[in-house]
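Working notes, beginning with the structure itself.
Protein chains: 2
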Amino acid sequence: MSGFSFRTSHDQGLARLGWFGTPHGVVETPAFMPVGTHASVRGLAMHEIADAGAQMVLANAYHLYLRPGDVMVRALGGIHAFSRWAGPMLTDSGGYQVFSLARYRTVREQGVEFKSKIDGSLHQYTPERVMQIERNIGADVIMQLDELIAGGSEQSASRAAMERSLRWLERCRSEFDRLSREGRADAPVLSVPDGAPALQTHDIDRDRAAPAQALFPIVQGGVYPALRRASMDGILQSGDWVGIAVGGLSVGEAKSAMYDTVDECAVMLPRDRPRYLMGVGFPDDLVEAVARGMDLFDCVAPTRMGRHGTAFTPDGKVQVLKSSYRTDRRALVAECACPACSHYDRAYLRHLFAVEEPLGPRLLALHNLTFLMDVMRQTRAALRDGVFARWSEGWLARYRAADRR
Amino acid sequence: MSGFSFRTSHDQGLARLGWFGTPHGVVETPAFMPVGTHASVRGLAMHEIADAGAQMVLANAYHLYLRPGDVMVRALGGIHAFSRWAGPMLTDSGGYQVFSLARYRTVREQGVEFKSKIDGSLHQYTPERVMQIERNIGADVIMQLDELIAGGSEQSASRAAMERSLRWLERCRSEFDRLSREGRADAPVLSVPDGAPALQTHDIDRDRAAPAQALFPIVQGGVYPALRRASMDGILQSGDWVGIAVGGLSVGEAKSAMYDTVDECAVMLPRDRPRYLMGVGFPDDLVEAVARGMDLFDCVAPTRMGRHGTAFTPDGKVQVLKSSYRTDRRALVAECACPACSHYDRAYLRHLFAVEEPLGPRLLALHNLTFLMDVMRQTRAALRDGVFARWSEGWLARYRAADRR
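Note that the protein sequences, when read in sequence, are chains A and B. Position in the first sequence counted from 1, then plus 792, gives you the numbering used here. Position in the second sequence counted from 1, then plus 792, gives you the numbering used here.
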């Protein structure tokens, strides 16, 4: 666990202010992590993500394994050098993508076999293989391979997937540890096309050594409290984890079921480790989850919704194409410092979407990210000031008032 | 012509260094103007255009007339306030768009009738109407309505279009002058949708007064020297123009025919007025046209080609998807200061295009614009230093060397 640390202060109920130290810097928690699936947050430059207040960025091992290839990312200096994000990074294993995107897939105890949606080629995704891939890519935090099932699955299916995920966690950890001890496989010699310079000569010993990384297990078990407890039991008995993720939520279950499950997990998870709630990224869900003791979050919703014309505001979500914006020269959100709000007005933003100019999706995606970063900054300030309960009540009431009207 | 000025210095052959003063600032010429069709340079923010070195930006009267409407742009404070480009701007009349994009069009002496490609609605585009539209939009320089015909047209068709364009120029000028004297029509009361604030109250007298603008005539006549001379004769006899444009080139004719036509025009056009060569924007064409006495340029090519993965470099055009870039960690163009070249490497740029991340088109469009701005800066420096002929010979030889290999 060298290079990693976590300390908290200012607990209020289950919520807490934290500092998650990684080999590439410290993340002040609660924190939202923008998703850079292909080592790029869709349409946005890394300096814009940084200006928006991002501290840690996600990438996806499945997508990078397919293109440009994990070995290529390693040869190009690792994910930080490749993407030019110098701060902390995390790769999801890509399990979700294997289960949802691959054209054909066969799940066995050994792992998942799937055909690439790009060229139909056949791939084996085993816990061991995923560790090799994620250690080649080189993010600070890497996620285990878990078995994903559809939201709303029966308890028996949820149990089977949860139990398999625990077995796969064991195999992930063994391979992760083996790679730490023995180093990574020698990088295969990459063919360099005509006219290209040779890749810079790596220090072979240094290149073999696996980078300092932390493996996070993922709590599964659907919306069934007993299964969630069993999942956590298994995880906690099997190792001393740097941090622990809660997965399988925000997949169509009722909000109350999601909050209840988070409650269930928060009580049982060790308080001295960061908790990462996967795939949750609506503003009000973040505030609710912080109140329930979660520290890290990611979701494509803010950028995806922005690209499709929905903006987050302190008064709830807004469609930027709404007719009242046609003549509205005010900033989208007066108190927001993002480029959309500081340089342009609602009439112009609406116009960009009306004529399908790509600056519109870009500006609104960055606005939504900035908005989430601001919400996280406000949660941290409220925790520091000891007013989180009061602050979150007021914030949620205002955010949700429009929905109730 | 209040608010406009032009002076030149450092003539070398037909090439010259110039300063074109407009109500919104001075443009150092030779200069390339990025095209912001819908008051947005596709995918790029105005501050990026400014950082790239742009001095003057184009918008398109046809597109803005359809959406959001010229009256709406005026009500929102005019094109500068609307687009947040504080510097000089120019609107093309949209004649090209009417002739090439409209679903149905009927050309008569009175003007053009066309159906909108957006909703099928019927529109009249007469010289008078176009002047009213461009004066509502409020760019510094506005273009006459001219009749466009297909590149490679017969001499008789070219003559007829050229002569009609001269008659339309007369009507444009009359209406332009009338609007200067009498002011613009009272802005119709715009319906303000429910929940929208009223538009800010304008000073009605000030709003009626037409902004300080210059109307540019357009030399037509295809690739026929006699027609070009007749067009220029007509233009020069009909008024004392702030600047003059050369149109109808770069529409499929041979490069040599284009250069010959520019030569023909440059000799005859008054030396003390800026010359705007419309629609020309490949790097080598710009250098050739500067040598032939042209001062202002516009073209969608740099941004469009960038979006489609073609980058301008000092050694010619490059496809960013080329296989040798797969492992190439060098900057796209070492001496370029654009974000693509200063933050990222070729391997990452190639990856962005390979996985169709929208950051790729955005970065490459900005790179190509920056590249053209740099070429223009180099032409100005070479003129100032009295070495333009030698500089352009060397620059063109290097740029074209790859094509000859």
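C-beta: ideal position from N, C-alpha, C; glycine also.
Check distances from the C-beta atoms of the region 837-859 of chain A to those of chain B and list, in chain order, the residues that come in under 8 Å.
Ala837, Met838, His839, His855, Arg859
Along the chain, where does the alpha helix (DSSP H) that runs through Gly1026 of chain B open and close?
Residue 1026 of chain B sits at position 234 when you count from the first residue of the second sequence. Element bounds for Gly1026 of chain B: 1017-1030.
Report buried or exposed for Thr898 of chain A, applying the criterion of at least 16 other Cβ atoms within 10 angstroms of its Cβ.
Along the first sequence, read from residue 1 onward, the residue named residue 898 of chain A stands at position 106. Taking all protein chains in view, the Cβ of Thr898 of chain A is surrounded by fewer than 16 other Cβ atoms within 10 Å, so the residue is classified as exposed.
Residues of its chain near Glu962 of chain A, where Cβ-Cβ distance is below 7 Å and the 5 sequence neighbours each way are ignored
Translated into the one-based positions of the first sequence, residue 962 of chain A becomes position 170. Excluding residues within five positions, the ones whose Cβ falls inside 7 Å are Ser1030.
Would you say Thr1119 of chain B faces chain C, with C-beta separation under 8 Å as the test?
This model lacks chain C altogether, as its protein chains are A and B.
Going by C-alpha to C-alpha distance, which of B:Ser948, B:Val1011, B:Gly1013, B:Ile929 sits closest to Ala979 of chain B?
Residue numbering aside, residue 979 of chain B sits at position 187 when the second sequence is read from its first letter. Measuring from the Cα of Ala979 of chain B, the nearest candidate turns out to be B:Ile929.
Of the residues A:Ala823, A:Trp960, A:Ala1129, the one placed nearest Arg900 of chain A, counting alpha carbons only
Along the first sequence, one-based indexing puts residue 900 of chain A at 108. Looking at the Cα atoms, A:Trp960 is the closest of the given residues.
Val865 of chain B - containing alpha helix (DSSP H), residue span
Taking the first residue of the second sequence as position 1, residue 865 of chain B is located at position 73. 862-867 is the extent of the alpha helix (DSSP H) around Val865 of chain B.
Same chain, Cβ closer than 7 Å to Leu858 of chain A, neighbours up to 5 away in sequence not counted:
Sequence index remark: in the first sequence, residue 858 of chain A carries index 66 (1-based). Sequence-distant Cβ neighbours of Leu858 of chain A in its own chain, meaning closer than 7 Å and more than five residues away, are Ser908, Ile910.
Distance check for Phe1180 of chain B and Arg1172 of chain A, CA to CA, integer angstroms please.
Taking the first sequence and counting its residues from 1, one reaches residue 1172 of chain A at position 380. Taking the second sequence and counting its residues from 1, one reaches residue 1180 of chain B at position 388. Rounded to the nearest angstrom, the two C-alpha atoms are 60 Å apart.
Three Cβ pairs or more, each shorter than 8 Å: is that satisfied between the region 963-976 of chain B and the region 917-937 of chain B?
yes
At which residues does the beta strand (DSSP E) containing Glu820 of chain A begin and terminate?
By 1-based counting over the first sequence, the position of residue 820 of chain A is 28. Taken as a continuous stretch (DSSP letters only), the beta strand (DSSP E) holding Glu820 of chain A covers 817-821.
Presumed contact (8 Å Cβ cut-off) between Gly943 of chain B and Val1043 of chain B, rounded CB distance
The residue given as residue 943 of chain B occupies position 151 in the second sequence. The residue given as residue 1043 of chain B occupies position 251 in the second sequence. Confirmed, Cβ separation roughly 3 Å.
Backbone secondary structure at Leu1156 of chain A - three-state DSSP
The residue given as residue 1156 of chain A occupies position 364 in the first sequence. Note: Leu1156 of chain A maps to helix in three-state DSSP.
Of all the beta strand (DSSP E) runs that stay within the bounds of the region 1058-1132 of chain B, which reach a length of 3 or more residues?
1067-1069, 1088-1090, 1102-1105, 1108-1111
Go ahead and pull the three-state DSSP assignment for Thr829 of chain A.
Residue mapping note: residue 829 of chain A aligns to position 37 of the first sequence, counting from 1. Coil, per DSSP.
Do Asp1107 of chain B and Tyr1191 of chain B come within 8 Å of each other at the CB atom, strictly closer than that value?
Locating residue 1191 of chain B in the second sequence gives position 399, counting from the first residue. Locating residue 1107 of chain B in the second sequence gives position 315, counting from the first residue. Cβ distance < 8 Å, so Tyr1191 of chain B and Asp1107 of chain B count as in contact.
Buried versus exposed, by CB contacts within 10 Å (16 or more), Ala1157 of chain B:
For the purposes of this step, residue 1157 of chain B is identified with residue 365 of the second sequence, where counting begins at 1. So Ala1157 of chain B ends up on the buried side.
What do you get for Gly805 of chain B, buried or exposed, if any count of 16 or more other CB atoms within 10 angstroms of its CB means buried?
Locating residue 805 of chain B in the second sequence gives position 13, where the first residue counts as 1. Here Gly805 of chain B is exposed: its Cβ has fewer than 16 other Cβ atoms, across all protein chains shown, within 10 Å.
Taking Ala952 of chain B as part of the beta strand (DSSP E), name the residues at either end of that continuous run.
By 1-based counting over the second sequence, the position of residue 952 of chain B is 160. Taken as a continuous stretch (DSSP letters only), Ala952 of chain B belongs to no beta strand (DSSP E), being part of the alpha helix (DSSP H) at 947-974.
Glu920 of chain B - containing alpha helix (DSSP H), residue span
Translated into positions along the second sequence, residue 920 of chain B becomes position 128. Looking at the DSSP string, the run of the alpha helix (DSSP H) that includes Glu920 of chain B is 919-929.
Let me check understanding here. Comparing Cα to Cα, which of A:Val904, A:Ser875, A:Met881, A:Ala873 lies closest to Pro888 of chain A?
The sequence position of residue 888 of chain A within the first sequence is 96, counting from 1. For the record, residue 888 of chain A in the displayed sequence is Tyr; it is not Pro. Minimum Cα distance to Tyr888 of chain A is reached at A:Val904.
Could you please give me the residues that DSSP links to Met935 of chain A through a beta bridge?
The residue given as residue 935 of chain A occupies position 143 in the first sequence. The partner list for Met935 of chain A (beta bridge, DSSP) reads A:Phe1008.
Going by CA-CA distance only, name the one from B:Met923, B:Val827, B:Gly1178, B:His830 that's closest to His802 of chain B.
Here residue 802 of chain B corresponds to residue number 10 of the second sequence, with the count starting at 1. Nearest option by C-alpha distance: B:Gly1178.
What residues from chain B crowd round Gln1144 of chain A, counting only those whose CB sits closer than 7 Å?
Looking up residue 1144 of chain A in the first sequence gives position 352. One point to set straight first is that residue 1144 of chain A is Leu, not Gln, in the sequence displayed. Within chain B, the residues near Leu1144 of chain A are Ser832.
Using the rule of at least 16 other Cβ atoms within 10 Å of the residue's Cβ for burial, across every protein chain shown, is Phe896 of chain B buried or exposed?
Counting from 1 along the second sequence, the entry for residue 896 of chain B is found at position 104. Looking at the sequence itself, residue 896 of chain B is Tyr, so the reference to Phe does not match. Counting Cβ neighbours within 10 Å, Tyr896 of chain B comes out exposed, since fewer than 16 surround it.
Quick one: is Val984 of chain B near chain A, going by C-beta distance under 8 Å?
The sequence position of residue 984 of chain B within the second sequence is 192, counting from 1. Put simply, the CB of Val984 of chain B is near chain A, with a gap under 8 Å to one of its CB atoms.
In or out: His872 of chain A buried (at least 16 other Cβ within 10 Å) or exposed?
Indexing the first sequence from 1 puts residue 872 of chain A at position 80. Per the 10 Å Cβ criterion, buried.
For Glu1149 of chain A and chain B, any beta-carbon pair shorter than 8 Å?
For the purposes of this step, residue 1149 of chain A is taken as residue 357 along the first sequence, with counting starting at 1. Chain B contact via Cβ: present.
Proximal chain B residues relative to Ala867 of chain A, where beta-carbon distance stays under 8 Å
Along the first sequence, one-based indexing puts residue 867 of chain A at 75. In chain order: Thr1119.
Lys1225 of chain A to Leu1155 of chain B, Cα distance in whole Å?
No answer is possible for residue 1225 of chain A: it lies beyond the span of chain A, which begins at 793 and ends at 1197.
Using a threshold of 8 Å, state whether the C-beta atoms of Ala1093 of chain B and Phe1074 of chain B are closer than that.
Indexing the second sequence from 1 puts residue 1093 of chain B at position 301. Indexing the second sequence from 1 puts residue 1074 of chain B at position 282. Their beta carbons are under 8 Å apart, which means Ala1093 of chain B touches Phe1074 of chain B by this criterion.
So for Trp811 of chain A, helix, strand or coil by DSSP?
Working through the first sequence from its first residue, we reach residue 811 of chain A at position 19. Residue state, collapsed to three classes: strand.
Counting only the same chain and skipping the five closest in sequence on each side, list residues whose C-beta sits under 8 Å from that of Val984 of chain A.
What you label residue 984 of chain A is simply residue 192 of the first sequence in a count that begins at 1. Contacts found: Ala990, Leu991.
Inter-residue CB distance, Val1200 of chain A and Ile1036 of chain A (contact presumed, cutoff 8 Å)
Chain A is shown only over 793 to 1197; residue 1200 of chain A falls outside these bounds and no answer can be derived.
Using a Cβ-Cβ cut-off of 8 Å (strictly less than) and excluding sequence neighbours within five positions of Val863 of chain B, which residues of its own chain qualify?
Here residue 863 of chain B is taken as the residue at index 71 of the second sequence, counted from 1. Counting only Cβ-Cβ distances below 8 Å, and skipping sequence neighbours, we find Asn928, Ala979, Pro980, Leu982.
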